[in-house]
Every structure is written in C-alpha cells, then in structure tokens.
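Numbering (the working numbering), first residue to last: 573 to 887.
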C-alpha cells in the first residue's frame with residue numbers, strides 16, 4: 573500500500589485541488605493507497621474542508637491536532653498512523669506536483685530505500701528561501717556525509733521498514749534520509765517539478781536556517797556519540813583541565829620569575845574557571861553514560877543492527 577502523508581497548516585484554498593490531483597495519479601497506479609492529512613492546528617477553515625473529503629472518500633484519513641506543533645511533529649504523526657509499506661511525504665500548498673509520484677515509486681522498485689526530491693528549478697524567493705536553503709544543504713551534506721542537493725524538499729518516498737522506529741523532533745523531518753542512510757539504507761534523489769506558490773503565504777523565514785543548523789548538530793552528536801557521550805564531555809573536560817594547568821603554570825612563572833603578583837594577571841581566574849568547567853564536563857559525561865545505559869537496558873534496546881540471520885530465529 574502507498575501512504576501519502578501531507579501536513580496541512582492554513583491551506584484551505586489548496587486542499588480540494590490537491591486531493592483531486594492526488595486521486596487522479598494514485599488511481600492510475602495499480603496499488604492500494606491512502607492519503608493522510610495532518611491538520612496542524614489550522615485556523616482558516618482547513619478542518620471542515622478536510623472532514624468533507626474524509627466523508628466523501630474513505631481513502632482519505634485526517635488527523636487533527638489541538639494546536640500547531642510544527643511540520644516535523646505532523647510528519648511523525650503521519651508516519652505513526654500510515655498503513656502503507658511505502659510512504660510519500662509532500663507539502664499541502666501545491667508547490668509539489670503529485671504527477672511526480674510514479675517516478676519515486678520507480679526508484680524504490682529499482683532497489684533504493686529512500687528517494688528524495690530535488691527542486692532543481694525552484695520557484696521561490698532567491699534571497700529569503702533559495703540562498704539560505706543552499707547554504708543549509710551544503711552544511712548538512714558536509715557534516716552528515718550524505719550528499720543530497722535539496723534536503724528541504726518535502727516530496728520524498730520511503731520504504732517504511734527503513735524509518736520504522738525513527739523519532740523526529742524540532743525541524744528534523746528533513747534529516748530522515750540521513751537517519752535512513754546511517755541505518756544502511758540506499759538513498760537517491762530525482763529532480764521534481766516545483767510550482768510557484770499561488771495561495772497563502774510561506775510559513776518559513778530566514779530563521780529556519782539557524783534552526784536547521786542547530787538540529788544538525790544534534791543529529792551529528794546522536795550519530796557519533798549517542799552510545800558514548802563521555803567522549804564529547806570528557807574531551808571538553810580534559811581540554812579545560814589542560815588549560816587550567818597551563819594557566820596555573822604561567823601564574824607561578826610570573827609570580828617567581830616575572831615579579832608579578834597573582835592578582836595582577838587574569839591567569840588565576842582562568843585557572844579556576846577552567847578547572848570548574850573541566851570537572852563539571854567530566855561529571856556530566858559520567859551522568860550521560862548512566863542515562864544512556866538506562867535508556868538501552870530498561871527497554872532491552874540492542875546497540876547493534878542486524879541485516880539478516882541464518883539458522884537462527886530472531887528474538
């Protein structure tokens with residue numbers, strides 16, 4: 573089954589048109605399908621419009637949030653409720669074209685696990701959207717090691733098995749291909765049609781790039797140090813302690829050989845601050861180690877991933 577997941581926030585003008593285009597494309601595909609709309613606290617009449625579609629077509633599923641939680645949370649809800657083995661995400665503003673869906677399915681049939689859309693000819697403001705997006709995409713690709721030209725494109729297709737169990741926070745829905753790649757999934761991208769926005773206004777601005785960078789730091793930390801957080805806190809702590817030792821040595825040198833009292837230089841203060849920072853970082857690292865062990869052991873979570881078994885039954 574194909575599950576199309578569409579977060580909606582104040583898109584009443586596009587809902588009916590988007591449904592009709594999706595129904596036309598999905599009906600032509602010889603597979604069962606469903607459309608899951610997640611109403612992310614809309615205040616413009618999207619709720620009754622979605623309920624009307626659900627009454628008319630039982631293949632339309634609707635999730636109403638009590639308030640606005642953001643696109644990532646809406647995506648997470650859609651993934652949780654989806655029944656399909658192939659998940660396709662897209663925006664509800666008609667900038668993504670449903671006619672591109674068969675191309676994504678073809679890529680998955682070729683053996684790929686994730687296919688990401690690439691808005692090669694993006695129809696958005698260059699200053700507010702395109703340039704910040706290119707900067708963010710460059711940083712994400714360099715830091716994550718998964719090179720995609722357009723992480724921000726919502727039009728993506730996934731095999732559900734590769735994102736099963738993934739939990740999303742912040743603005744991390746765009747990082748699903750990275751999570752999947754780290755799990756051993758095959759990831760590719762295809763150019764897609766991108767239409768100019770004709771209804772409503774964009775919900776995102778320049779500040780979103782900063783949020784993406786902060787979320788990327790979290791993703792990188794979880795990828796490299798989730799099982800050994802002491803490596804991060806410990807390294808910072810040891811460097812701080814080394815700085816403290818150097819500051820103490822310099823203070824003593826100036827005291828005995830430079831004829832300067834301790835209070836005439838900032839070195840003693842640096843020694844105290846660096847010592848406190850170093851000790852606190854190491855203690856935080858130890859605390860994080862206890863937390864991560866509690867996380868895995870209390871839920872019987874494995875710290876490894878198995879691709880297959882022979883002559884053994886999975887537990």
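Where is the CB? At the ideal position from N, CA and C, for every residue including glycine.
Coil, strand or helix - residue 759 by DSSP: Taken through DSSP and simplified to helix, strand or coil, residue 759 comes out as strand.
Do residue 761 and residue 705 have their beta-carbon atoms positioned less than 8 Å apart in this structure? No. Outside cutoff.
Inspect the beta-carbon positions of residue 607 and residue 576 and report whether they are closer than 8 Å. In this structure, residue 576 lies closer than 8 Å to residue 607 by Cβ.
Just to confirm, are residue 793 and residue 853 a CB contact at a threshold of 8 Å? No, these two residues do not count as a Cβ contact at 8 Å.
Per DSSP, cross-strand counterpart(s) of residue 754: Per DSSP, none; premise fails for residue 754.
Euclidean distance between Cα positions of residue 733 and residue 657: A straight-line Cα-Cα distance of about 7 Å links residue 733 and residue 657.
Hey, how far is the Cα of residue 808 from the Cα of residue 711? The straight-line gap separating the alpha-carbon atoms of residue 808 and residue 711 is approximately 23 Å.
Suppose the cutoff is 6 Å on Cβ atoms and the five residues either side in sequence are ignored; what does the same chain contact list for residue 744 look like? Excluding sequence positions up to five before and after residue 744, its CB lies within less than 6 Å of the CB of 644 and 787, all in the same chain and listed in chain order.
If residue 676 and residue 759 are in contact, beta carbons under 8 Å, what's the gap, nearest whole angstrom? Wrong, their Cβ atoms sit about 13 Å apart, outside the cutoff.
Straight-line CA distance for residue 629 to residue 862? Computed Cα separation, rounded: 50 Å.
Residue 611, enclosing beta strand (DSSP E) - first and last residue: Here the beta strand (DSSP E) through residue 611 covers 605 to 611.
Cβ of residue 722 within 8 Å of Cβ of residue 691? Remark: C-beta atoms of residue 722 and residue 691 approach each other more closely than 8 Å.
DSSP puts residue 687 in a beta bridge; with which residues? For residue 687, which the question treats as bridged, DSSP gives the partners 729 and 760.
Residue from 631, 579 and 747 with nearest C-alpha to residue 592: With distances taken between CA atoms, residue 592 lies nearest to 631 out of 631, 579 and 747.
Under the three-state reduction of DSSP, which class applies to residue 579: helix, strand or coil? The three-state secondary structure of residue 579, taken from DSSP, is strand.
Give the straight-line distance between the Cα atoms of residue 666 and residue 672, rounded to the nearest whole angstrom. Approximately 12 Å, taken between the alpha carbons.
Count the other CB atoms within 10 Å of the CB of residue 670; is the residue buried (16 or more) or exposed (fewer)? Burial state of residue 670 is buried, judged by a 10 Å Cβ sphere holding 16 or more other Cβ atoms.
According to DSSP, is residue 542 helix, strand or coil? For residue 542 there is no data in the structure shown, the boundaries of the chain being 573 and 887.
Apply the 10 Å Cβ neighbour rule to residue 867 and answer buried if 16 or more other Cβ atoms are within range, or exposed otherwise. Counting other Cβ atoms within 10 Å of its Cβ, residue 867 stays below 16 and is therefore classed as exposed.
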